Structure formats: C-alpha cells, structure tokens
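Contents: one structure, followed by commentary.
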Amino acid sequence: MECRAVGRFLRVPPRKARLVIDLIRGRDVGQALDTVRFTRKYAARVVEKVLKSAVANAQHNHGARDVDRLFVKDAFVNQGPTMKRFRPRAMGRATPIKKRSSHITIVLEEREP
Numbered sequence: 002m003e004c005r006a007v008g009r010f011l012r013v014p015p016r017k018a019r020l021v022i023d024l025i026r027g028r029d030v031g032q033a034l035d036t037v038r039f040t041r042k043y044a045a046r047v048v049e050k051v052l053k054s055a056v057a058n059a060q061h062n063h064g065a066r067d068v069d070r071l072f073v074k075d076a077f078v079n080q081g082p083t084m085k086r087f088r089p090r091a092m093g094r095a096t097p098i099k100k101r102s103s104h105i106t107i108v109l110e111e112r113e114p
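All the letters of the sequence shown, read from the start, carry residue numbers 2 to 114 under the working numbering.
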C-alpha cells in the first residue's frame, strides 16, 4: 500500500526545502515527524504539514490501521513558479528579486510485519 501527499505552490525555495526533505527520507513516520518538529528552519513547518497530510491520506483513503508501520518511501521537491519583483538601486538601476516556490511530494509505504 502506497500513499502520497503533494503540497503545491508553497512559498519556500526548493533549495531550502530539500535540506529538510533529505533529513526524513527513508525514516519511520514517527521519527520523521520528530525530526521535522525540532528542525529550526522555516521549510520544516511546511514539510511537516505535507507529512501529516500523507499520514491522514494513508489512514482515511487507504485504510492503514497501524501508523507505526508507515515509513517515508520517497520524498522530493520540484521547483514551482517564480514571482519576479524588482528593487530600486542606486543611479536609477533596478535589480531583480526572485521569490521561488516549491512543489513538495511525500510518498509513504507500509513495512511488512
């Protein structure tokens, strides 16, 4: 049984979200939630929401009875659209500001007893 959750158009840069995603890949769900909860990065809060959504999908949609047997089979971050803004600088120039977004996907699977 494999279930997934996707967070799309999240306002966190993919490069920073990958730092958090790399910490939880392959771990049990309880251990992954603890890791994300105590990681001091903004992206950790966003990843925690997607991870909790994946657990809820496993229970509700796929009938997973024992949450302790779930583990993070796959987790990855793709780049979403970039908002472009401009900041005025000296001598009439302007420099671009790129506000990047992410699509975060977390796939859970149940371990065999």
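Cβ coordinates follow ideal geometry from the N, Cα and C atoms, glycine included.
Please read all numbers here as calculations on a predicted model, not as lab measurements.
Rounded to whole angstroms, the separation of the alpha carbons of P14 and R101 is 5 Å.
Setting aside the 5 residues that flank it on each side, H104 is surrounded in the same chain by V7, G8, R9, F10, L11, V78, N79, Q80 and G81, each with a C-beta closer than 8 Å to its C-beta; the list follows chain order.
Under the DSSP definition of a beta bridge, D69 lacks any partner. V7 sits in a strand when the DSSP states are folded into three classes.
Contact annotation: F72 and D23 have beta-carbon atoms that are not nearer than 7 Å.
Of all C-beta pairs linking the segment 91–101 to the segment 30–50, fewer than three are shorter than 8 Å, placing the two stretches out of contact.
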